[in-house]
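Structure record follows, encoded as structure tokens.
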Amino acid sequence: VEEKEKYANDHAKGKIAGYGSKLANNASGQLEWEDYYFHLLWPEQSRDMTTWPKHPEEYIEVTDAYGRKIRNLVTKM
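Its first residue numbered -14, the sequence shown is counted upward by one per residue in my numbering.
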């Protein structure tokens, strides 16, 4: 729990990036808790690196590369 709190979002303060949980409908229409992790990839100046996890060690590098490839794909479309 402490690790999740390090990266927690706070919608009341306008901090949307980070870890959170919410009550949502599943495919059957039943309510269930969902955990999620959200952060912005683009534009780069919108990134809040304090909400990006340090482990696994390659997370930031891999996520950055993924974001660049998605950006290139969207630009081509």
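Idealized CB from N, CA, C, for every residue including glycine.
- If you draw a straight line from the alpha carbon of residue 45 to that of residue 8, how long is it in whole angstroms? 28 Å
- Message: Is it buried or exposed, residue 14, if we count other Cβ atoms within 10 angstroms and call 16 or more buried?
- Response: exposed
- Item | Alpha carbon of residue 41 to alpha carbon of residue 62, nearest angstrom | 32 Å
- Residue nearest to residue 37 in terms of C-alpha spacing, selected from -13, 51, 3 and -12: 3
- Task: State yes or no: is the C-beta of residue 5 within less than 9 Å of the C-beta of residue 23?
- Result: yes
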